[in-house]
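**Q**
There are 2 protein chains.
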Amino acid sequence: MTEDQLYSAILEKGTMLCVGLDPDYSRIPECVRRGRSVSEALVEFGRRIVDATSPRCVAYKPNLAFYEAYGLDGMKALDLTVGYIRDNCPGQFLIADAKRGDIGNTARMYARSLFETFDFDAVTVSPYMGTETVLPFLDYKGKFAIVVALSSNPSSADFQTAVKDGKPLYRVVMEKMMEISTPGNMMFVVGATKAAKLKEIRSFCPDNFFLVPGVGAQGGSDREVIANGSNAKGGLLVNSSRAVLYASSGEDFAQAAASVAGATARYPLLP
Amino acid sequence: MTEDQLYSAILEKGTMLCVGLDPDYSRIPECVRRGRSVSEALVEFGRRIVDATSPRCVAYKPNLAFYEAYGLDGMKALDLTVGYIRDNCPGQFLIADAKRGDIGNTARMYARSLFETFDFDAVTVSPYMGTETVLPFLDYKGKFAIVVALSSNPSSADFQTAVKDGKPLYRVVMEKMMEISTPGNMMFVVGATKAAKLKEIRSFCPDNFFLVPGVGAQGGSDREVIANGSNAKGGLLVNSSRAVLYASSGEDFAQAAASVAGATARYPLLP
Numbered sequence: 240m241t242e243d244q245l246y247s248a249i250l251e252k253g254t255m256l257c258v259g260l261d262p263d264y265s266r267i268p269e270c271v272r273r274g275r276s277v278s279e280a281l282v283e284f285g286r287r288i289v290d291a292t293s294p295r296c297v298a299y300k301p302n303l304a305f306y307e308a309y310g311l312d313g314m315k316a317l318d319l320t321v322g323y324i325r326d327n328c329p330g331q332f333l334i335a336d337a338k339r340g341d342i343g344n345t346a347r348m349y350a351r352s353l354f355e356t357f358d359f360d361a362v363t364v365s366p367y368m369g370t371e372t373v374l375p376f377l378d379y380k381g382k383f384a385i386v387v388a389l390s391s392n393p394s395s396a397d398f399q400t401a402v403k404d405g406k407p408l409y410r411v412v413m414e415k416m417m418e419i420s421t422p423g424n425m426m427f428v429v430g431a432t433k434a435a436k437l438k439e440i441r442s443f444c445p446d447n448f449f450l451v452p453g454v455g456a457q458g459g460s461d462r463e464v465i466a467n468g469s470n471a472k473g474g475l476l477v478n479s480s481r482a483v484l485y486a487s488s489g490e491d492f493a494q495a496a497a498s499v500a501g502a503t504a505r506y507p508l509l510p
Numbered sequence: 240m241t242e243d244q245l246y247s248a249i250l251e252k253g254t255m256l257c258v259g260l261d262p263d264y265s266r267i268p269e270c271v272r273r274g275r276s277v278s279e280a281l282v283e284f285g286r287r288i289v290d291a292t293s294p295r296c297v298a299y300k301p302n303l304a305f306y307e308a309y310g311l312d313g314m315k316a317l318d319l320t321v322g323y324i325r326d327n328c329p330g331q332f333l334i335a336d337a338k339r340g341d342i343g344n345t346a347r348m349y350a351r352s353l354f355e356t357f358d359f360d361a362v363t364v365s366p367y368m369g370t371e372t373v374l375p376f377l378d379y380k381g382k383f384a385i386v387v388a389l390s391s392n393p394s395s396a397d398f399q400t401a402v403k404d405g406k407p408l409y410r411v412v413m414e415k416m417m418e419i420s421t422p423g424n425m426m427f428v429v430g431a432t433k434a435a436k437l438k439e440i441r442s443f444c445p446d447n448f449f450l451v452p453g454v455g456a457q458g459g460s461d462r463e464v465i466a467n468g469s470n471a472k473g474g475l476l477v478n479s480s481r482a483v484l485y486a487s488s489g490e491d492f493a494q495a496a497a498s499v500a501g502a503t504a505r506y507p508l509l510p
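Now the structure itself:
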């Protein structure tokens, strides 16, 4: 999928929403768990959420940890969930939230896993080990590396604000990564809870898409993110996970998820 | 496994060697591949390497990417390999080389996956997103987070030498991580190709174990690493992957692996 196709989907659906699939079994509604094994419940919950939200979002972001936690059955559930989205929701942008980041020959194996064995469009990458960690992902046409630049969690400032050549680390990371890539194969994670910084970051990175976590459960404002972070070609995927998935714990959970999704990250902004 | 038990194993076997299991199917000897599926070959290759090297090493480090690349069958092969080591090589320290690193609720899921579903003793963690990424791993008694501080790859200097409070990032990472942990639940990855730096790093981190990649195929010297990096309780795991695994591509591959393993990371150093 190209970034132009992604922008078309944003315009067509009127939203920049990416729904994060972090299915914590203990929070899956009782009506879904009843009579099902853990992995069956993960798959069924994913299907019901996807059916309800697909007209209201342009991307899904399964968080691999939440599937790996349940071992081989969990990985099978991930495989079925990805397959279900591919078969039933053409045009959705599929992100593996995996935060992989390792040396070249290992990164090549992760790329093979996530782009070939699983058919993801993009994978999140942790940049600590350098530009080498990203190169193998860039070789796939129509696929993206999404490098963590500035995250939205409380301890993000521990290391991401170290300085090199007079610039904060998150900027050094983005500039180095831009040198080896194009907006057609590289996006960045930029935390929404730092919305004030989005404008500044746009000034040195005008063209790439940003994946913005931290709205909803983590407290960021989707309107503020869109006002400060969007560009002429959209340029944003605004992620919400828990606020959508667990909007209700009752029988109406899918309807509630659809309702929250429909009210999140609308684009263009209405007055 | 405690760090004292690990030190006892080092003294008993006379080695600090950790064998990295990075089984690239295309490099597995023909005699192992013949008549076997990919995942069967991964498992059989792992068994033969483990049988040959277990008396000559104190740890194994499966690299998860090399199993994930083959999808669900690959993960099953990982499960069987870990199980084989647990059943046949009591006392081996088992490291999941996964470079996981994500926010708290996600890290908790990775910890569950690697410490409960799989029974690893330790997991490598990428620190970019802050101390929060590590906390859930520290809650498991007798298990370790192994945080990447200074890696051995060519692009490690892209970001790891940024400066905060007058110190290089790898030092900031280590000092922050030491504040929230003990040598009983925290180790660090310190690249062997920077052996000159090992002494300096020991000066501010005297007690923790270091996992040192980069000897063998990547060119670091195991003797130099041990001379500069060991401490009064051993304090080192010296990793070799490709140099051991692919010591020979013939029928004698296991014997060749044993021979390379036996000559690597001997401890204490002989004159």
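Keeping their order, the protein sequence lines are chains A and B.
Per our numbering, numbering of the first sequence is gapless, rising by one per residue and ending at 510.
Per our numbering, numbering of the second sequence is gapless, rising by one per residue and ending at 510.
Cβ coordinates follow ideal geometry from the N, Cα and C atoms, glycine included.
1. Roughly how far, in whole angstroms, is the beta-carbon of Phe305 of chain A from the beta-carbon of Ala335 of chain A, given that I think they are within contact range, below 8 Å?
2. Expressed to the nearest angstrom, what Euclidean distance is found between the alpha-carbon atoms of Phe376 of chain B and Ser420 of chain B?
3. Just curious, the beta strand (DSSP E) that Phe332 of chain A is in, first and last residue?
4. Using a threshold of 7 Å, state whether the C-beta atoms of Phe398 of chain A and Phe427 of chain A are closer than that.
5. Grouping DSSP H, G and I as helix and E and B as strand, with all else coil, what is Met368 of chain B?
6. Using the C-alpha atoms, what's the distance from Phe357 of chain A back to Ser479 of chain A?
7. On the three-pair Cβ rule with 8 Å, is the region 305-319 of chain A touching the region 345-355 of chain A?
8. If you draw a straight line from the C-alpha of Phe332 of chain A to the C-alpha of Ala502 of chain B, how long is it?
9. Beta-carbon within less than 8 Å of Lys252 of chain B's beta-carbon, same chain only, minus the 5 sequence neighbours each way: which residues are those?
10. Determine the chain B residues that contact Glu414 of chain A at a beta-carbon separation under 9 Å, and present them in chain order.
11. Does any C-beta atom of chain B lie closer than 7 Å to the C-beta of Asp341 of chain A?
12. Could you work out which residues of chain A lie near Pro301 of chain B, taking near to mean beta carbons separated by less than 9 Å?
13. Just the Cα atoms here: how many angstroms apart are Ala493 of chain A and Ile288 of chain A?
14. Which of helix, strand or coil does DSSP assign to Ala308 of chain A?
15. Are the region 253-269 of chain B and the region 482-500 of chain A in contact at 8 Å, needing three or more beta carbon pairs?
16. Which chain A residues are close to Asn392 of chain B, counting only those with a beta carbon under 9 Å from its beta carbon?
17. Thinking C-alpha only, which one of A:Lys338, A:Met417, A:Met368, A:Thr372 is nearest Leu408 of chain B?
18. Taking just the CA atoms, how far does Met413 of chain A sit from Pro329 of chain A?
19. Mind reading off the beta-carbon distance from Gly455 of chain B to Ala482 of chain B? Whole number of angstroms is fine, and I expect it under 8 Å.
20. Determine the burial state of Ser326 of chain B: buried for a count of at least 16 other Cβ atoms within 10 Å of its Cβ, exposed for fewer.
21. Using the beta-carbon count (16 or more within 10 Å), is Asp341 of chain A buried or exposed?
22. Determine which residues of the region 427-448 of chain A have a Cβ less than 9 Å from any Cβ of chain B, and write them out in chain order.
23. Where does the unbroken alpha helix (DSSP H) through Ala500 of chain A begin, and where does it stop?
24. Does any CB atom of chain B fall closer than 7 Å to the CB of Asp397 of chain A?
25. State the CB to CB distance for the pair Asn470 of chain B and Pro510 of chain B, rounded to an integer number of angstroms; the pair is presumed to be in contact (CB under 8 Å).
26. For Thr356 of chain A, decide whether its Cβ has a neighbour in chain B, counting only Cβ atoms nearer than 7 Å.
27. Thinking just about the alpha-carbon of each residue, which of B:Val451, B:Gly423, B:Pro422, B:Met417 is nearest to the one in Thr432 of chain B?
28. Please list, in chain order, all residues of the same chain as Leu353 of chain B whose beta carbon is under 6 Å from its beta carbon, the five residues on each side excluded.
29. Any beta-carbon of chain A closer than 7 Å to the one on Ala335 of chain B?
30. Please go through the same chain and pick out, in chain order, the residues whose beta-carbon is closer than 8 Å to the beta-carbon of Leu303 of chain B, but skip the five residues on each side of it.
31. Contact check, Leu389 of chain B vs Gly430 of chain B under 8 Å by CB: the rounded distance?
32. Where do the N-terminal and C-terminal ends of the alpha helix (DSSP H) with Cys270 of chain B fall, by residue?
33. Measuring only between beta-carbons, confirm whether Ser487 of chain B sits less than 7 Å from chain A.
34. For Leu250 of chain B, count neighbouring C-beta atoms within 10 Å of its own C-beta (all shown protein chains included) and say buried if the count is 16 or more, exposed if not.
35. Would a C-beta distance cut-off of 7 Å place Leu508 of chain A and Asn467 of chain A closer than the cut-off?
36. How about Lys252 of chain B: is its C-beta nearer than 7 Å to some C-beta of chain A?
**A** Result, derived from the coordinates:
1. Numbered from its first residue, the first sequence carries residue 305 of chain A at position 66. Numbered from its first residue, the first sequence carries residue 335 of chain A at position 96. Going by Cβ atoms, the distance from Phe305 of chain A to Ala335 of chain A rounds to 12 Å, so no, they are not a contact pair.
2. Counting from one through the second sequence, the residue named residue 376 of chain B turns up at place 137. Counting from one through the second sequence, the residue named residue 420 of chain B turns up at place 181. Taking the straight line joining both Cα atoms gives about 10 Å.
3. Numbered from its first residue, the first sequence carries residue 332 of chain A at position 93. Run containing Phe332 of chain A: 332-339, per the beta strand (DSSP E) assignment.
4. The residue given as residue 398 of chain A occupies position 159 in the first sequence. The residue given as residue 427 of chain A occupies position 188 in the first sequence. Result no, Cβ atoms of Phe398 of chain A and Phe427 of chain A do not sit closer than 7 Å.
5. Here residue 368 of chain B refers to the residue found at position 129 when the second sequence is read from its first residue. Of the three classes helix, strand and coil, the one that applies to Met368 of chain B here is coil, per DSSP.
6. As a working mapping, residue 479 of chain A is identified with position 240 in the first sequence. As a working mapping, residue 357 of chain A is identified with position 118 in the first sequence. Those two C-alpha atoms are separated by around 23 Å.
7. no
8. As a working note, residue 332 of chain A is residue 93 in the first sequence. As a working note, residue 502 of chain B is residue 263 in the second sequence. Roughly 50 Å separates the two Cα atoms.
9. Translated into positions along the second sequence, residue 252 of chain B becomes position 13. Correct list, in chain order: Pro294, Arg295, Cys296, Val297.
10. Counted from its first residue, the first sequence places residue 414 of chain A at position 175. Within 9 Å Cβ-Cβ: nothing; Glu414 of chain A doesn't reach chain B, min ~11 Å.
11. Within the first sequence, numbered from 1, the residue matching residue 341 of chain A stands at position 102. Yes, contact with chain B.
12. Counting from 1 along the second sequence, the entry for residue 301 of chain B is found at position 62. Near Pro301 of chain B there are no residues of chain A at all, since even the closest Cβ is about 12 Å away, more than 9 Å.
13. Taking the first residue of the first sequence as position 1, residue 493 of chain A is located at position 254. Taking the first residue of the first sequence as position 1, residue 288 of chain A is located at position 49. When rounded, the distance between both Cα atoms is 6 Å.
14. Along the first sequence, one-based indexing puts residue 308 of chain A at 69. The answer is coil: DSSP assigns Ala308 of chain A none of H, G, I, E or B.
15. no
16. Position 153 of the second sequence, counted from the first residue, corresponds to residue 392 of chain B. Under the 9 Å cutoff, chain A gives Asp341, Ile342, Gly343, Met368, Gly369, Glu371, Thr372.
17. Taking the second sequence and counting its residues from 1, the one referred to as residue 408 of chain B is at position 169. Of the candidates A:Lys338, A:Met417, A:Met368, A:Thr372, the one whose C-alpha sits nearest the C-alpha of Leu408 of chain B is A:Met368.
18. Along the first sequence, read from residue 1 onward, the residue named residue 329 of chain A stands at position 90. Along the first sequence, read from residue 1 onward, the residue named residue 413 of chain A stands at position 174. If I take the Cα positions, the gap works out to 31 Å.
19. Locating residue 455 of chain B in the second sequence gives position 216, counting from the first residue. Locating residue 482 of chain B in the second sequence gives position 243, counting from the first residue. Contact flag correct, Cβ pair sits at about 3 Å.
20. Counting from one through the second sequence, the residue named residue 326 of chain B turns up at place 87. Here residue 326 of chain B turns out to be Asp, not Ser, going by the sequence shown. Asp326 of chain B comes out exposed.
21. Here residue 341 of chain A is taken as the residue at index 102 of the first sequence, counted from 1. Buried, because 16 or more other Cβ atoms sit within 10 Å of the Cβ of Asp341 of chain A.
22. none
23. The residue given as residue 500 of chain A occupies position 261 in the first sequence. Segment 492-501, the alpha helix (DSSP H) holding Ala500 of chain A.
24. Locating residue 397 of chain A in the first sequence gives position 158, counting from the first residue. Chain B contact via Cβ: present.
25. Along the second sequence, one-based indexing puts residue 470 of chain B at 231. Along the second sequence, one-based indexing puts residue 510 of chain B at 271. Not a contact, Cβ separation roughly 20 Å.
26. Translated into the one-based positions of the first sequence, residue 356 of chain A becomes position 117. Yes, contact with chain B.
27. For this step, residue 432 of chain B is matched to residue 193 along the second sequence. Nearest of B:Val451, B:Gly423, B:Pro422, B:Met417 to Thr432 of chain B, Cα basis: B:Val451.
28. Translated into the one-based positions of the second sequence, residue 353 of chain B becomes position 114. The residues are Ala335, Phe359, Val362.
29. Counted from its first residue, the second sequence places residue 335 of chain B at position 96. Closer than 7 Å: no.
30. Sequence index remark: in the second sequence, residue 303 of chain B carries index 64 (1-based). Here the set comprises Leu317, Ala335, Asp336, Ala337.
31. Here residue 389 of chain B is taken as the residue at index 150 of the second sequence, counted from 1. Here residue 430 of chain B is taken as the residue at index 191 of the second sequence, counted from 1. Confirmed, about 5 Å.
32. One-based indexing of the second sequence puts residue 270 of chain B at position 31. It spans 269-272 - the alpha helix (DSSP H) in which Cys270 of chain B sits, taken as one unbroken run.
33. One-based indexing of the second sequence puts residue 487 of chain B at position 248. Judged by the 7 Å Cβ criterion, Ser487 of chain B is not in contact with chain A.
34. To locate residue 250 of chain B, count along the second sequence from 1; it is residue 11. Looking at its Cβ environment, which holds fewer than 16 other Cβ atoms inside 10 Å, Leu250 of chain B is exposed.
35. Position 269 of the first sequence, counted from the start, is the residue given in the question as residue 508 of chain A. Position 228 of the first sequence, counted from the start, is the residue given in the question as residue 467 of chain A. Going by C-beta atoms, Leu508 of chain A is not nearer than 7 Å to Asn467 of chain A.
36. Within the second sequence, the letter at position 13 stands for residue 252 of chain B. So no, Lys252 of chain B is outside the interface.
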